[in-house]
Every structure is written in C-alpha cells, then in structure tokens.
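Chemist: Heads up: the sequence shown runs through residues 202 to 305, numbered per our numbering.
Attaching a single structure in structure tokens format; questions to follow.
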Amino acid sequence: MTGDETFALTATVWLWQSAGKERPMAWHFLTIDGQTSAEIRFAALGRTGGFGSIPVEARIGTTCWRTSIFPHRDSGGYILPLKASVRKREGIAAGDEVSLSLAL
202 MTGDETFALT ATVWLWQSAG KERPMAWHFL TIDGQTSAEI RFAALGRTGG FGSIPVEARI
262 GTTCWRTSIF PHRDSGGYIL PLKASVRKRE GIAAGDEVSL SLAL
C-alpha cells in the first residue's frame with residue numbers, strides 16, 4: 202500500500218439490492234464504522250471528492266485495488282463497494298467476515 206495512512210479492520214459483507222425494477226441490481230459492500238471511520242474522516246480532511254467520497258487503495262487477502270469509500274448515512278461511517286472480480290478472486294460472498302486494509 203502506498204498511502205500516507207493505512208487502516209486495518211474486519212467487516213461483514215452485505216448485499217444491497219434495488220427494489221421494484223424489472224431487472225434488479227445488486228451490489229456488495231463492507232461498512233466501515235466506529236473509531237476507524239472517525240480516524241479516516243480526520244485523515245481525509247481536504248481530500249474528499251464528489252458525494253464526500255475518499256479515494257483509497259484497498260487490500261483483501263492478496264488482492265489490491267484502487268477505489269473510493271463513500272459516506273453511509275445509516276452507520277455514520279463509510280461503505281466500501283466490493284467489485285465482482287475481487288469477490289471472485291478472494292472467494293467472498295454476502296455474510297462473510299473479511300479482514301482488509303485501506304490506505305489513503
């Protein structure tokens with residue numbers, strides 16, 4: 202990881218599905234809340250993008266990718282979207298608890 206600050210955490214994968222559409226969509230996420238989200242919020246001051254997003258480099262297992270985390274109203278923290286390629290490579294499904302690191 203190449204960021205100035207790195208955060209390690211464990212979170213549970215959850216699935217969001219659109220409702221009422223002919224062809225429903227589904228996205229997998231991890232929630233970053235509590236003390237970790239507070240520390241990330243402080244570390245990212247002045248580095249946020251659209252919708253309050255924060256660019257990060259994420260790592261789960263041996264998979265590392267660049268993405269963004271987004272504010273999550275329900276938890277007061279952030280959410281990290283999990284791409285299908287990451288889930289497939291690491292064998293991750295909804296309900297799994299995963300360890301990850303985020304570098305800002």
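Cβ atoms here follow ideal geometry from the backbone N, Cα and C, with glycine treated the same way.
Note that the structure is a prediction, hence the values are computed from the model and not measured.
Is Ala212 helix, strand or coil when you go by DSSP?
Modeler: Within the sequence shown, the letter at position 11 stands for residue 212. Here Ala212 sits in strand by DSSP.
Chemist: For the beta strand (DSSP E) holding Glu298, just list the boundary residues, first then last.
Modeler: Position 97 of the sequence shown, counted from the first residue, corresponds to residue 298. Run containing Glu298: Glu298 to Ala304, per the beta strand (DSSP E) assignment.
Chemist: Under 8 Å Cβ to Cβ from Ile293, same chain only, skipping five residues before and after it: list those, please.
Modeler: Position 92 of the sequence shown, counting from 1, holds the residue named residue 293. Closer than 8 Å at Cβ, skipping near neighbours: Val214, His229, Ile261, Leu283, Val287 and Val299.
Chemist: Pull up the distance between the alpha-carbon of Ser219 and that of Glu240, whole angstroms please.
Modeler: Against the sequence shown, residue 219 aligns to sequence position 18. Against the sequence shown, residue 240 aligns to sequence position 39. C-alpha separation (whole angstroms): 31 Å.
Chemist: Given a cut-off of 9 Å, decide if Ile255 and Leu305 are closer than it, judged by their beta-carbon atoms.
Modeler: Within the sequence shown, the letter at position 104 stands for residue 305. Within the sequence shown, the letter at position 54 stands for residue 255. It is a contact, given that the beta carbons lie within the stated cut-off.
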